[in-house]
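Okay, structure first, notes after.
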Ligand SMILES: [Zn+2]
């Protein structure tokens, strides 16, 4: 999904992370008695978990091994001024997508008597600290409810196509960003806590929370070409093409639990699913995309989220 070339990007919504410093204000780093709780929350809100995949000899760190922190050069953000920049650089595309998704929810929520709380993204390289623990390319993008921020590793989009097998289309990347902002919305609506009740499995609360986030990403997608940038009034994104939707579906399919398990171990264990099958992730993204309606994303209202 391409940006209109002349929209302006707001880099203040994205921070550069890295350098591995521990414990920001609040200091809720993993450790001590809190560790277990923090890790649990973190595990439940991940978009995906690259550590479950075979490393494939591409120079990736072994699971659990955190590479030395490297900071995303803040100078790179200064190159992100317009939609044209978002069309040529992954970093600028994250910034543009964050801008568009937040502008959408800020405009949409008042219809439900709610106000969107601005949620920053930390774009980092290597590893960085979050209030939910260490973020690294071994854990994938996630939303941390303890510091109300989205964390995205700059190299993740390459991993998405090279290791998960998603296509490298723009909407595949934008879907990942929009999914994490779906978790931010769930947090603001008081729904995220449900993910911690009910264990794992295809119909578990955790899977329902994830599929709802996929659906919310679809709702944004349907409206994305109408969300204007404040400065110019021009919509951030151009109208969708069929190829865009195929890209998003390839990403949703690539991060399905069944597909990841099959690739990692050669077998599928539905009882341990945390995010849902490839089919259900595509189904719920499409449900949001086709209806454009937040109310159609209530994955807790249906008997089965599959099929
Ligand atoms: Zn998620």
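Residue numbers (our numbering): 2 to 308. Ideal Cβ placement from N, Cα and C applies to all residues, glycine included.
Check	Outcome
Measuring only the C-alpha atoms, how far is residue 130 from residue 242?	38 Å
Starting from residue 216, trace the alpha helix (DSSP H) both ways and give me its first and last residue.	206–224
Could you compute how far the alpha carbon of residue 272 sits from the alpha carbon of residue 116?	37 Å
Using 8 Å as the cut-off, can you tell me whether the segment 96–113 makes contact with the segment 226–234, which would need three or more C-beta pairs spanning the two stretches below that distance?	yes
Identify which residue in 297, 302, 94 has its Cα closest to the Cα of residue 171.	94
Which whole-angstrom value is the C-beta distance of residue 203 and residue 307, which I expect to be below 8 Å?	6 Å
Would the segment 103–112 and the segment 144–154 be scored as touching if the rule is three or more Cβ pairs under 8 Å?	no
So, for residue 188: in the same chain, excluding its five sequence neighbours on each side, which residues have a beta-carbon less than 6 Å away from its beta-carbon?	146
Beta-carbon within less than 7 Å of residue 77's beta-carbon, same chain only, minus the 5 sequence neighbours each way: which residues are those?	92
On the DSSP bridge assignment, give the partners of residue 9 in chain order.	83
To the nearest angstrom, how far is the alpha carbon of residue 157 from that of residue 105?	24 Å
Looking at C-alpha atoms only, which residue of 124, 180, 192 is the closest neighbour of residue 219?	180
Output the distance between the C-alpha atoms of residue 237 and residue 79, rounded to the nearest integer angstrom.	18 Å
In the DSSP assignment, find the unbroken alpha helix (DSSP H) run with residue 1 in it and report its ends.	Lying outside 2 to 308, the shown extent of the chain, residue 1 is not represented and no answer is given.
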